Amino acid sequence: MKTAAVLTAILGSAAAFVPAQVSETKTALNAFEQELGVQPPLGFYDPLGLLENADQERFERLRFVELKHGRVCMLAFLGHLWTSAGLRLPGYLSKDLAIRFEDVPAGIAALNKIPLAGVSQIFFFVGFLELAIWRQNEGSFPGDFSPGAGFPVGFVGNPSPEEQTDLRAKELNQGRAAMMGILALMIHEKLDGNPYIFFDPANL
Numbered sequence: 003m004k005t006a007a008v009l010t011a012i013l014g015s016a017a018a019f020v021p022a023q024v025s026e027t028k029t030a031l032n033a034f035e036q037e038l039g040v041q042p043p044l045g046f047y048d049p050l051g052l053l054e055n056a057d058q059e060r061f062e063r064l065r066f067v068e069l070k071h072g073r074v075c076m077l078a079f080l081g082h083l084w085t086s087a088g089l090r091l092p093g094y095l096s097k098d099l100a101i102r103f104e105d106v107p108a109g110i111a112a113l114n115k116i117p118l119a120g121v122s123q124i125f126f127f128v129g130f131l132e133l134a135i136w137r138q139n140e141g142s143f144p145g146d147f148s149p150g151a152g153f154p155v156g157f158v159g160n161p162s163p164e165e166q167t168d169l170r171a172k173e174l175n176q177g178r179a180a181m182m183g184i185l186a187l188m189i190h191e192k193l194d195g196n197p198y199i200f201f202d203p204a205n206l
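Shown next as C-alpha cells:
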C-alpha cells in the first residue's frame, strides 16, 4: 500500500520527464519542447498528457513539484544505502520503548518500527521546512528556494548563468533517476524482502 502511494506521488509529477519555459495562455504542447530537461533519448515526454492545454503557470507548478519529488527521492535513496550498509546513530530512538537506532531495520520496514511520536516529529519538521524555510523565490525559476533558505539550498560558489543552467539540468536528471531508483528498491523489498540485486561473479 505504501509502495502504491509513493508510485502515485511520483506519477503525479510526471512532468518528471517533462521539461521548464514559455507561453502565457493555453498553448500547444510544442511550446514546451525547448524547456530545460527536454533531451535525448526521450525528448519531450509527457505520457499522462499533463501539459495538454497548459499555460506557463501550470508548467512551472509541475516543474516545481517534479524538482521537489526528485530532491526527496535523492535523499531517500542515499538514506536507503546508508541504513542498508548497517550504519546507525548511537543511542536510543525511544528510551521509553527501549528502541535503539540499531534496532530499526533498513528500507520500508523502518516505518513499522518508528513510534508514532517519532513519525509525528518528522511530519511537523518537514511541514515547518515546507511552509517557513524552503519557499519558492518569486520571480525566479521553479525550485529556487533562495534567498534566505539556508544550507544546503542554492548554488555553491558563484557559477555563471550558463553553469547554473547546466547544474539545474543535472539536478533534474539526478532527481528523475532517484525517483525511479527508490521506487525500484521499494518494489524489490516488497517482492522478496531484499531491495538489492547482487550478482556473484563466481556464478556467471
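Here the sequence shown stands for residues 3 to 206, numbered as in our numbering.
All residues carry an ideal CB built from backbone N, CA and C; glycine is no exception.
No experiment lies behind these values; they were computed from the predicted model shown.
Closest by CA to residue i, which one among the options?
i: GLU104; options: LEU118, ASP98, ARG178, THR85; result: THR85
i: GLU132; options: HIS190, ARG73, GLU37; result: ARG73
i: LYS115; options: LEU95, ILE124, PHE126; result: LEU95
i: GLU62; options: LEU83, LEU38, LYS192; result: LEU38
Could you check the C-alpha separation between residue i and residue j for me, to the nearest Å?
i: LEU174; j: LEU69; result: 7 Å
i: ALA119; j: ASP98; result: 11 Å
i: ASN196; j: PHE143; result: 39 Å
i: MET182; j: ASN160; result: 31 Å
i: PRO149; j: VAL121; result: 30 Å
i: PHE34; j: LEU44; result: 14 Å
i: GLN36; j: PHE46; result: 9 Å
i: MET188; j: ASP57; result: 35 Å
Any idea which residues DSSP pairs residue i with across the strands?
i: TYR198; result: TYR198 pairs with nothing; no bridge assigned.
i: ARG170; result: Bridge partners of ARG170: none, in fact.
i: ARG102; result: TYR94
i: GLY72; result: GLY72 is not bridged to any residue.
i: GLN41; result: GLY45
Between which two residues does the alpha helix (DSSP H) carrying residue i extend?
i: SER162; result: Segment: none, SER162 is in no alpha helix (DSSP H) and carries neither H nor E.
i: LEU118; result: 118–130
Using a Cβ-Cβ cutoff of less than 7 Å, which residues in the same chain neighbour residue i once the five nearest sequence positions on both sides are dropped?
i: ALA111; result: none
By Cβ distance, which residues of its chain are closer than 6 Å to residue i, with the 5 residues on each side in sequence left out?
i: LEU91; result: PHE103
i: GLY145; result: PHE66, LEU69
For the ligand FAD, is there any heavy atom lying closer than 7 Å to the beta carbon of residue i?
i: GLY141; result: Within the structure as shown, the ligand FAD is missing, as the structure has no ligands at all.
CB-CB under 8 Å to residue i, same chain, minus the five flanking residues each way: which ones, in chain order?
i: ALA78; result: ALA180, ILE184
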